[in-house]
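In the working numbering, the protein residues as written are 16 to 337.
Each residue gets a CB set at the ideal place from its N, CA and C atoms; glycine is no exception.
In what follows, a single structure is set out as structure tokens and then discussed.
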Amino acid sequence: MRKSEAVPDEILDIIINNRFFLITSHKNPDGDAIGSMLAMAAILKKMGKETYLFLEDGVPPLYRFLPLVEEVNTVLAGKFDITLVLDCENGGRVSDRVDLFSHARTLINIDHHPTTGTFGDYRYINPRAAAVGEQVHALARALDVAIDRNMAECIYVSILTDTGSFRYANTTAHTHRLAAGLIEHGLQPAEIASRIYERRSLNQLSLQAAIIEDMVVEDTLAWSVISQDRLKDLKLSESDLDGAIDIIRSVDGVRVAVLFSQRFDGKIKASLRSKNNFNVLEIARELGGGGHRAAAGFLSSEPLSVIVEKTVQLLREHLGLR
Ligand SMILES: [Mn+2]
């Protein structure tokens with residue numbers, strides 16, 4: 016392990032020497048945000064600490080089977096010694112409503128995005144970690160906390176979801192070894208996979224149908240669009256869009272998939288996914304966003320047609336399509 020990937024000693028000291036922890040992650044939380052937060056809470060509780068968990072958007076139904084999930088709050092109140100921010104490239108991803116920086120004197124940023132910002136008084140950043148859950152696992156080891164079944168389940172879910180079920184390029188021998196060690200705590204991988212991937216409603220499947228219907232495939236580039244009206248018609252929310260882009264990415268010959276979705280506030284969210292080592296992070300950054308090499312995105316207030324045209328044109332150039 017390179018030095019920069021190890022848990023910084025100051026962070027271990029701070030955790031050991033403090034008592035009240037606020038643990039939080041990004042809006043529209045995914046399996047990594049939720050799994051890593053819950054595992055972190057379980058670790059701190061085992062050390063005799065007190066924890067307050069905050070997610071502005073709460074926990075989507077899909078993940079409500081996880082241990083400690085009932086402790087997640089959608090309001091943020093109180094003062095804490097330390098704030099732990101997990102899986103966020105910048106503090107602004109946590110909330111539109113509250114000032115994240117006013118609730119504790121010290122903020123620690125724990126993240127694996129290569130583009131993570133310089134926010135936080137202390138940072139534990141490891142872009143080689145497949146999921147923040149992997150970093151939380153490293154924290155437990157460094158803090159001498161034995162992983163129990165609950166922690167194992169939460170960390171497993173964070174890794175499972177952030178690697179797209181061990182399919183994405185961030186999956187390594189290390190990821191599998193770590194997952195194997197977690198399974199040895201008595202987890203049932205088939206049951207967890209089934210809970211996460213095999214509980215779609217008919218409306219969620221109709222969303223996939225809508226994405227396919229509007230999909231444009233141009234050589235190695237494919238994209239589709241989902242409007243807020245379409246989501247409303249299907250009685251779905253933005254969290255139902257999680258993973259929906261995979262259907263575009265799965266088309267044979269496609270290297271870059273883009274899903275443009277309209278959020279409740281009218282803004283357009285563009286999600287980009289790639290195969291065969293194409294760097295979509297570069298594109299997302301150029302358009303004001305961030306993420307990972309194979310999974311990135313950006314938000315825009317411009318009209319949908321303008322954003323689609325701009326993004327598609329930029330991708331055509333980078334893919335050498337014209
Ligand atoms: Mn993540």
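Proximity to A157 across Q203, L81, L59, P204 peaks at L59, based on C-alpha coordinates. Under the three-state reduction of DSSP, K64 is assigned to coil, being neither helix nor strand. R120 carries a strand assignment under DSSP once its states are collapsed to helix, strand and coil. For the region 197 to 247, the continuous alpha helix (DSSP H) assignments of 4+ residues that do not extend past its boundaries occur at 204 to 212, 217 to 228, in sequence order.
Counted as a single uninterrupted DSSP element, the alpha helix (DSSP H) harbouring V172 occupies residues 164 to 177. Each residue's CA atom was taken as its position, placing E332 and A285 some 18 angstroms apart.
Residue pairing from DSSP places F313 in a beta bridge opposite A285.
In the DSSP assignment, S40 falls outside any alpha helix (DSSP H) and carries neither an H nor an E. Just so you know, the alpha carbons of T176 and G46 end up roughly 6 angstroms apart. Of the candidates G305, E301, R308, H307, the residue whose Cα lies closest to the Cα of K325 is E301. Distances from the CB of A92 to the heavy atoms of ligand 1 are all 7 angstroms or more.
Of the candidates A146, D126, A144, D126 places its Cα closest to the Cα of R138. Taking the C-beta atoms as reference points, I140 is found no nearer than 8 angstroms to T130.
Not one heavy atom of ligand 1 is found less than 7 angstroms from the C-beta of D159. N105 and V151 have their C-alpha atoms spaced approximately 19 angstroms apart. By alpha-carbon distance to D244, the top candidate from A225, V321, W238 is A225.
Here DSSP, grouped into helix, strand and coil, assigns A272 to strand. Residue environment for T190: buried (at least 16 other C-beta atoms within 10 angstroms of its C-beta). Ranked by Cα distance from F293, the options I283, H307, D280 are led by H307. Listed in chain order, the non-local C-beta contacts of V240 below 6 angstroms within the same chain comprise D229, F275, local neighbours out to five positions each way being set aside. Between F35 and F95, the C-beta gap is smaller than 8 angstroms, which places the two residues in contact.
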